[in-house]
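A short worksheet on the structure shown next.
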Amino acid sequence: MSNGNHQICSQPPPRDWQQGAGVCLVFRKQNNRIEGYYGYPHSDAFVCLRGVINGTQIVGQGYLVSWEGSRWDTFPNKPFFWDGEKQLQLAQGKRIRSHPPSQDWILFQKATLNFQSFYLYQKPQMTSPKQLCDWRFEKKNNLMFTA
1 MSNGNHQICS QPPPRDWQQG AGVCLVFRKQ NNRIEGYYGY PHSDAFVCLR
51 GVINGTQIVG QGYLVSWEGS RWDTFPNKPF FWDGEKQLQL AQGKRIRSHP
101 PSQDWILFQK ATLNFQSFYL YQKPQMTSPK QLCDWRFEKK NNLMFTA
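With my numbering as the guide, the letters of the sequence shown map in order to residues 1 to 147.
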């Protein structure tokens with residue numbers, strides 16, 4: 001896969017107005033590093049990801065925003081699958097930022113995405129990761145990427 005912007009999804013590109021099918025990863029690749037998000041098209045269910053490509057996996061970190069419509073009051077420290085397809089595994093979650101009354105940012109120090117059976121779309125159709133994911137919070141919280 002070349003450097004640049006990409007979209008891969010668990011199902012082939014739809015032939016209608018939809019921007020993706022199944023669950024998708026929309027990302028920017030630079031050498032073996034990626035930064036983007038993994039989630040369901042036309043929904044607010046996604047996890048921001050960054051990491052390194054290791055074969056057919058991406059290994060790194062992820063974060064999500066818990067809010068009134070999608071609340072995460074508790075989250076396991078041990079690995080769990082975020083999605084029904086069991087492709088994204090998250091672990092070591094901690095609340096890193098809060099905006100009372102109802103918004104929390106949760107960082108998972110370990111994120112592993114298996115994209116072996118995903119389809120590469122000709123070009124990204126979904127929202128740009130820059131519009132959804134902002135990793136600048138880590139500077140304020142002294143967090144560093146360690147993949």
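Ideal placement from N, C-alpha and C gives every residue a C-beta, glycine not left out. Note that the structure is predicted; figures quoted are calculated from it, not measured.
query                                                                                                                                                                  : result
To the nearest angstrom, how far is the alpha carbon of MET1 from that of GLY55?                                                                                       : 11 Å
Hey, how far is the Cα of PRO12 from the Cα of TYR119?                                                                                                                 : 6 Å
Only counting the same chain, and skipping five residues up and downstream in sequence, which positions put a Cβ closer than 7 Å to that of SER128?                    : none
Rounded to the nearest angstrom, what separates PRO76 and VAL52 at their Cα positions?                                                                                 : 24 Å
If you draw a straight line from the alpha carbon of TYR121 to that of ALA21, how long is it in whole angstroms?                                                       : 10 Å
Here's a check: name, in chain order, each residue in its chain whose Cβ is nearer than 7 Å to the Cβ of LYS29, leaving out the five neighbours to either side.        : MET1, ASN3, GLY4, HIS6
Just to confirm my understanding: we take LEU113, look at its own chain, exclude 5 residues before and 5 after, and list those with CB closer than 7 Å. What are they? : LEU25, TYR38, LEU49, GLN57, ILE58, GLN87, LEU88
What separation, rounded to the nearest whole angstrom, lies between the Cα atoms of SER10 and VAL23?                                                                  : 6 Å
Can you tell me where the alpha helix (DSSP H) with LYS130 in it begins and where it stops?                                                                            : 129-132
Reducing DSSP to helix, strand and coil, say where ASP104 ends up.                                                                                                     : strand
PRO79: buried (16+ other C-beta within 10 angstroms of its C-beta) or exposed?                                                                                         : exposed
Can you check which of these residues, ASN31, LEU132, PHE27, VAL47, is closest to GLN109 by C-alpha distance?                                                          : VAL47
Starting from GLU35, trace the beta strand (DSSP E) both ways and give me its first and last residue.                                                                  : 33-39
Quick one: residues in its chain with C-beta nearer than 7 Å to the C-beta of TRP82, no 5 flanking neighbours on either side, listed in chain order?                   : VAL47, LEU88, LEU90
Quick check on GLY51: does DSSP put it in helix, strand or coil?                                                                                                       : strand
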